[in-house]
Each structure stands twice: as structure tokens, then as C-alpha cells.
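Asker:
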Amino acid sequence: RVGSYRVLFNILETVEIISIEEVRKRDERTYSV
Numbered sequence: 422r423v424g425s426y427r428v429l430f431n432i433l434e435t436v437e438i439i440s441i442e443e444v445r446k447r448d449e450r451t452y453s454v
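Structure below.
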């Protein structure tokens, strides 16, 4: 069960990183404009 929890945490971390990267891309676009 502990392994499953670790997997869930890893997924959450990856999702957060992806969302942050998308936000940065949006910010770069707005700044470039």
C-alpha cells in the first residue's frame, strides 16, 4: 500500500510541474506580446 501512495504522490508532483510549465509558457506569451 505504501508503494501505491508513493505513486500517487509522484503523479501529483508531475501534474503540478506540468501545470507550472504551462503557466510559464502563457506568461512568456503575454510578455512577448
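Each residue of the sequence shown is one higher than the last, beginning at 422 in the working numbering. We treat Cβ as the ideally placed atom computed from N, Cα and C, and that holds for glycine.
Quick check on R450: does DSSP put it in helix, strand or coil?
Answerer: If DSSP states are grouped into helix, strand and coil, R450 belongs with the helices.
Asker: According to DSSP, simplified to helix, strand and coil, what is R427?
Answerer: Note: R427 maps to helix in three-state DSSP.
Asker: Quick one: residues in its chain with C-beta nearer than 8 Å to the C-beta of I432, no 5 flanking neighbours on either side, listed in chain order?
Answerer: Nothing listed; no residue qualifies.
Asker: How many Å lie between F430 and Y452 at the Cα?
Answerer: Approximately 33 Å between the Cα atoms of the pair.
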